[in-house]
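**Student:** Pasting a structure here, questions to come.
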Amino acid sequence: MPRPWDAIGMDIPPVLRRPADRRDTSGRMATMSNSYAQPIFRTADLSEGLRIVEQLLAIADLRDLEVDFDARVSSADVLTALLEVLPRASWFGEEGTGDSSEGDDPWAHLPVRLRGFGQPPEKVQPFLNAVGGSPATVRWDFMGWPEAPEIGLGVGGARGAFVTLCMHVRDLELEEPAPDHTVFVHVKEIEAERAPWLAAQVGLSVIGDLVMAPD
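Just so you know, we're using our numbering here: the sequence shown kicks off at 6 and counts up by one.
Listed below in structure tokens is the structure:
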């Protein structure tokens, strides 16, 4: 059975990509408020994390699908590889100096925080290949979650419809390095009960607290 357009990073029809006019001038998707996220799966096997992401995307409304990337980079080789994948990525030096908006040289300001917003899903696998063991996140952003009548919820809208895979880190802010990878589901704060419901749809349960996600 074909996967849902291989939405974790393979061939997806252009019609499913988010329109550019919904992004701000940095290329980032415009949002009205932060989502809330809850971890549902942790593994040392990245392919298993991607498998759970794929299962979650299979029940989502994937119209306007796009992907956001975030990484902490300390290696010049990794930085070079990531900028080949995301040549227009924004970055800032983690030691308080250097910024892409100033036209600075990122190699001169390592370690850096590098981000790419509003990217097509085809970028996922190249990003994973490039980032290596660096702490990083991949966030899939789409139209909405399905209705959950068992818990009294209708369709979940785009402001609370994301899936994030954290690699080599336990948190969404990339502050807790780890040897494993964690999958988070995002929901609206007022629909917190949707997170354990989503976990149950893929045979899992929540494994941590609901937290406000970075914008």
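Glycine included, C-beta positions come from ideal geometry on N, C-alpha and C.
None of these values were measured; they are calculated from a predicted model.
With DSSP as the reference, please indicate the residues paired to P182 in a beta bridge.
**Tutor:** Walking along the sequence shown from the start, residue 182 turns up at place 177. P182 pairs with V174.
**Student:** CB-CB under 8 Å to G138, same chain, minus the five flanking residues each way: which ones, in chain order?
**Tutor:** Taking the sequence shown and counting its residues from 1, one reaches residue 138 at position 133. Result list for G138: H173, in chain order.
**Student:** Select from G149, P131, G103 the residue whose C-alpha is nearest the C-alpha of E89.
**Tutor:** For this step, residue 89 is matched to residue 84 along the sequence shown. Minimum Cα distance to E89 is reached at P131.
**Student:** Mind checking which residues open and close the alpha helix (DSSP H) that includes V129?
**Tutor:** Start at 1 with the first residue of the sequence shown, and residue 129 comes out as number 124. 129-136 is the extent of the alpha helix (DSSP H) around V129.
**Student:** What separation, rounded to the nearest whole angstrom, lies between the Cα atoms of T102 and A197?
**Tutor:** Taking the sequence shown and counting its residues from 1, one reaches residue 102 at position 97. Taking the sequence shown and counting its residues from 1, one reaches residue 197 at position 192. T102 and A197: Cα-Cα distance of roughly 38 Å.
**Student:** Tell me the DSSP bridge mates of E100?
**Tutor:** Within the sequence shown, residue 100 is the residue found at index 95, counting from 1. Per DSSP, none; premise fails for E100.
**Student:** How would you write the range of the alpha helix (DSSP H) that W145 sits in, first residue to last?
**Tutor:** Within the sequence shown, residue 145 is the residue found at index 140, counting from 1. Counting along the chain, W145 falls outside any alpha helix (DSSP H), though it belongs to the beta strand (DSSP E) covering 141-146.
**Student:** Less than 9 Å between the C-beta atoms of A76 and A141, yes or no?
**Tutor:** Along the sequence shown, read from residue 1 onward, the residue named residue 76 stands at position 71. Along the sequence shown, read from residue 1 onward, the residue named residue 141 stands at position 136. Going by C-beta atoms, A76 is nearer than 9 Å to A141.
**Student:** Can you tell me whether DSSP reads A86 as helix, strand or coil?
**Tutor:** On the sequence shown, position 81 is the one that residue 86 refers to. Of the three classes helix, strand and coil, the one that applies to A86 here is helix, per DSSP.
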